[in-house]
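J.:
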Amino acid sequence: MKIIVAITLGSVLLFGAVDINNATKDELMSLKGLGAKKAEAVLEYRKENCFK
539 MKIIVAITLG SVLLFGAVDI NNATKDELMS LKGLGAKKAE AVLEYRKENC FK
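Just so we're aligned: 583 in our numbering is position 45 of the sequence shown, and the numbers increase by one with no gaps anywhere.
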């Protein structure tokens, strides 16, 4: 799961600003390299552990 978070944060830095604490699945999927499966994983992780 930490790898997914790292990929997401890396994508944000490289391809645009997305607030991962509030982003929808579609907003997460708009990031290059982040598909539906990873976006769902980020949302699940976010439910249990808010990003800081």
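Just so you know, even glycine gets a beta-carbon here, dropped at the ideal spot from N, CA and C.
To the nearest angstrom, how far is the alpha carbon of Gly573 from that of Val543?
T.: Taking the straight line from one Cα to the other gives about 13 Å.
J.: How would you write the range of the alpha helix (DSSP H) that Val580 sits in, first residue to last?
T.: 574-586
J.: Ends of the alpha helix (DSSP H) at Asp564?
T.: 563-567
J.: Quick check on Ala544: does DSSP put it in helix, strand or coil?
T.: helix
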